[in-house]
Ligand code: FES
Ligand code: FES
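Chains as they are written, first to last, in the working numbering: chain C, 1 to 159; chain B, 1001 to 1717.
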């Protein structure tokens, strides 16, 4: 059944009229044309589609639009503050923590979610928090370094 | 589509057509200085690729242009797939021409803008294309200097260039820029013979680490991959797929699917698709197809019998090397070794599945496709649709990983067919199951080696047989007086034998060959009671191999010991794409579970002159990383032409917790640059297998070295 779903998307109030069972990933990519959120597996195994819902990292391919009613959704497009990159984005750039870049938005969103949960993570915390995000190009160690750096940058700036 | 628009604007909206001769390109282009050139890569690729070949347009496959505004661009049919080639090539061009790195633009892969090219694979971009491009740049620089000499009335010998400005060394106020020199002119040159390039020691940009140029776009989600393109009226296609590669469609009932609101159904022989502006609705309609497939004959092969199946069907062998006399070698040997090595099918599984968006305006077909082979895709589309090649344009946006798997471009043909049939823009974006089903897997392969050593630990003979992997990396590497190498099957395809298509996979064939050779060598070293590094050095005469091996031993602070020492250190060497590598790995095997944890990997690489140390290092890390997968975990589950592996729950690619600490080193050389995208992957199987042996005494002769196989090998100790 079509229903109106109102939620906050990248800081703006939005509402859509559609079936509650629509997949958030595809609604973001088609209806909102926010294509930074990627399809990788469609079944929750790869993390390419990760977004923040109320500050927690969630797989948008395994989330329905109905589930985000009244919540706040942030995608990779909504992370930077204008031209100023989010510390995690900046750390990915500084560490060359990407190759093809296809996994990158999901990696970054998952890392932001992780740092929201644990502000001072150990290397092990980061590894286990990132474990289910896949990267075929093999940027893993640089991604871990980037997240470590971002964590300390955020702590220092009291962010 | 920003980046596409941007470079189209950059070239002043020139109206190009594909398949052009040089004079046509010239007619259509604006002003500036042009140097047309031909990179050797094409010839080599043509020789190896078989049916995809087509005539080279005229005598060039790339050109560079000094624009009237002083910017420099290079047009090539190669593409960027994450390996950083765009950065490396731009560095080379800027350095040879003495212009700022920022003023260089690489225009890659667009079949309307760029001259024909076979495709991007085999680490050929830097190794083969790079030197030709440098020579073209050198030629351009010479032409510009000659012009400047005339304009300034200063002898050539006194001229120098800095950031695109030519000046008199003795009086810097006498200067003129490339821009001023080319303004309002159209100067065309062809690189006829080797132009003299700078001495390696003179390069300022090359050889210094440069971060990739596309990071910001990629971390902000702005970078557009094929699936991110949008056009008004665009439909998503969900295509009916067979249950097996052996299945043929007999009939399909689409009546239920047609009831889905807003759906459009296409039936064109074997191509049956549900199209909808909403991808989830298209999928819903696809689920409603009732299809009858017929399997005439399913191949009787699966994961458990694959190697005997393949050997039973082995084609005739080609002898690629036959030196000395194997019988004499046997007689001279004190110990003889005979082993058979197995390597299973492996998927490319890039994170971005094959995707293409096509639109047809009634006359011209434009296809945006994530592909390593835009020009062959253009030919295929034209042939399939019965169109002229000039009427088909393929544009490669960002590619979400290729690794050889996106040399196949079936999705681009599908999108083009559907766009023509519906008259609407069509997106074909495979899901993960389709990606696994149509992956051109790295072929399963067998290597048999018979070899012997004398009392002194010298290898006396080497009788090498490789089935289905091809000859890349099959070189003996060691100094062996009596040797023979027989190759069964050509390259990585064996039509009619494998139950599904196979293809090139990062460093094609080499990982299989290097695994077999380096484990065999390790077995001999252990039997000879010698340290594996010492044994290798004793049998090597190739200085480049010796250099990397000595370098890596030093990096890892190698302490000689006879294997198995219980420590868990392995070593292996290899060569690929003109580059030499040596690896050492330290592992920890859990003898209860059979899990292998790789703790650290050291790699020394000699790749000639290294254009971009940062890019090369990242490629080495990527290779170590990706190599962990095929070495330890990646197994395609199949039954004849049915691919049971459908997603990442069962297909295990490397994850954060597996990744070892890495230490890499690139040896400093002033010899021509060699390939860097693949070499460091080829040793990963052998170095891990040898480390497992060193810790436990268990020999693994089959990849992937899954916990189950490790436990089986441990039982035999
Ligand atoms: S696409 Fe959502 S987890 Fe892979
Ligand atoms: S950078 Fe390519 S998949 Fe991670």
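Ideal Cβ placement from N, Cα and C applies to all residues, glycine included. These numbers come from a predicted model, not from an experiment.
Take residue i as the anchor and find which of the options has the nearest alpha-carbon.
i: residue 1069(B); options: 1119(B), 1181(B) and 1175(B); result: 1181(B)
i: residue 1186(B); options: 1281(B), 1196(B), 1143(B) and 1164(B); result: 1143(B)
i: residue 1470(B); options: 1482(B), 1507(B) and 1268(B); result: 1507(B)
i: residue 62(C); options: 25(C), 94(C), 154(C) and 88(C); result: 25(C)
i: residue 1147(B); options: 1179(B), 1127(B) and 1173(B); result: 1179(B)
i: residue 1617(B); options: 1139(B), 1211(B), 1080(B) and 1446(B); result: 1211(B)
i: residue 1718(B); options: 1638(B), 1601(B), 1613(B) and 1634(B); result: Summary: the structure shown does not reach residue 1718(B), with chain B confined to residues 1001 through 1717, and so no result is reported for it.
i: residue 1695(B); options: 1426(B), 1704(B) and 1717(B); result: 1717(B)
i: residue 1397(B); options: 1459(B), 1371(B), 1662(B) and 1097(B); result: 1371(B)
i: residue 1433(B); options: 1477(B), 1239(B), 1394(B) and 1528(B); result: 1239(B)
So residue i and residue j are in contact, right, with Cβ under 8 Å, and what is the actual spacing, rounded?
i: residue 1304(B); j: residue 1119(B); result: Not quite, the Cβ-Cβ distance comes to about 35 Å (not below 8 Å), so this is no contact.
i: residue 1223(B); j: residue 101(C); result: 6 Å
i: residue 1723(B); j: residue 1472(B); result: Because chain B in this structure spans residues 1001 to 1717, residue 1723(B) falls outside the shown range and cannot be described.
i: residue 47(C); j: residue 5(C); result: Residue 47(C) to residue 5(C), Cβ: 24 Å. No contact.
i: residue 1257(B); j: residue 1426(B); result: With a Cβ gap of about 17 Å, residue 1257(B) and residue 1426(B) do not count as contacting.
To the nearest angstrom, how far is the alpha carbon of residue i from that of residue j?
i: residue 1314(B); j: residue 1467(B); result: 7 Å
i: residue 1648(B); j: residue 41(C); result: 7 Å
i: residue 1501(B); j: residue 1414(B); result: 17 Å
i: residue 1041(B); j: residue 1108(B); result: Any reading at residue 1041(B) must be qualified, since the residue scores a pLDDT of 40, below 50, and its modelled position is unreliable; the value itself is stated next. Taking the straight line from one Cα to the other gives about 15 Å.
i: residue 1655(B); j: residue 1400(B); result: 18 Å
i: residue 1272(B); j: residue 30(C); result: 23 Å
i: residue 1498(B); j: residue 1311(B); result: 12 Å
i: residue 1403(B); j: residue 1505(B); result: 6 Å
i: residue 157(C); j: residue 151(C); result: 10 Å
i: residue 1462(B); j: residue 44(C); result: 49 Å
i: residue 1022(B); j: residue 1111(B); result: Residue placement at residue 1022(B) is poorly supported in this model, since its pLDDT is 49, which falls under 50; the coordinates are not used for a value here.
i: residue 91(C); j: residue 105(C); result: 13 Å
i: residue 1051(B); j: residue 1597(B); result: Note on residue 1051(B): pLDDT 34, under 50, position unreliable in the model; no value is reported.
i: residue 1521(B); j: residue 1337(B); result: 10 Å
i: residue 1669(B); j: residue 97(C); result: 27 Å
i: residue 49(C); j: residue 1345(B); result: 28 Å
i: residue 1640(B); j: residue 1584(B); result: 38 Å
i: residue 1056(B); j: residue 1062(B); result: With a pLDDT of 38 at residue 1056(B), under the threshold of 50, the predicted position of this residue should be treated as unreliable, and no value is reported.
i: residue 1226(B); j: residue 34(C); result: 14 Å
i: residue 125(C); j: residue 75(C); result: 23 Å
i: residue 1411(B); j: residue 1355(B); result: 6 Å
i: residue 56(C); j: residue 1629(B); result: 30 Å
i: residue 1058(B); j: residue 1190(B); result: For residue 1058(B), the predicted structure reports a pLDDT of 45, less than 50, and the residue's modelled location is therefore unreliable. The matter cannot be settled from this model.
Bridge partners for residue i per DSSP, in chain order?
i: residue 1642(B); result: 1639(B)
i: residue 1367(B); result: 1358(B) and 1394(B)
i: residue 1235(B); result: 1426(B)
i: residue 1434(B); result: For residue 1434(B), which the question treats as bridged, DSSP gives no partner whatsoever.
i: residue 53(C); result: 56(C) and 73(C)
i: residue 1605(B); result: 1581(B) and 1666(B)
i: residue 1079(B); result: Paired residues: none, contrary to the question.
i: residue 81(C); result: 84(C)
i: residue 1588(B); result: 1597(B)
i: residue 1482(B); result: 1461(B)
i: residue 1074(B); result: 1064(B) and 1106(B)
i: residue 1203(B); result: Per DSSP, none; premise fails for residue 1203(B).
i: residue 1702(B); result: 1342(B)
Taking 7 Å as the cut-off, does the CB of residue i come closer than this to any heavy atom belonging to ligand 1?
i: residue 111(C); result: no
i: residue 100(C); result: no
i: residue 1478(B); result: no
i: residue 1568(B); result: no
i: residue 1401(B); result: no
i: residue 49(C); result: yes
i: residue 59(C); result: yes
i: residue 1227(B); result: no
i: residue 46(C); result: yes
i: residue 39(C); result: yes
Examine ligand 2 and report whether any of its heavy atoms sits within less than 7 Å of the Cβ of residue i.
i: residue 1087(B); result: no
i: residue 1626(B); result: no
i: residue 63(C); result: no
i: residue 1432(B); result: no
i: residue 75(C); result: no
i: residue 146(C); result: no
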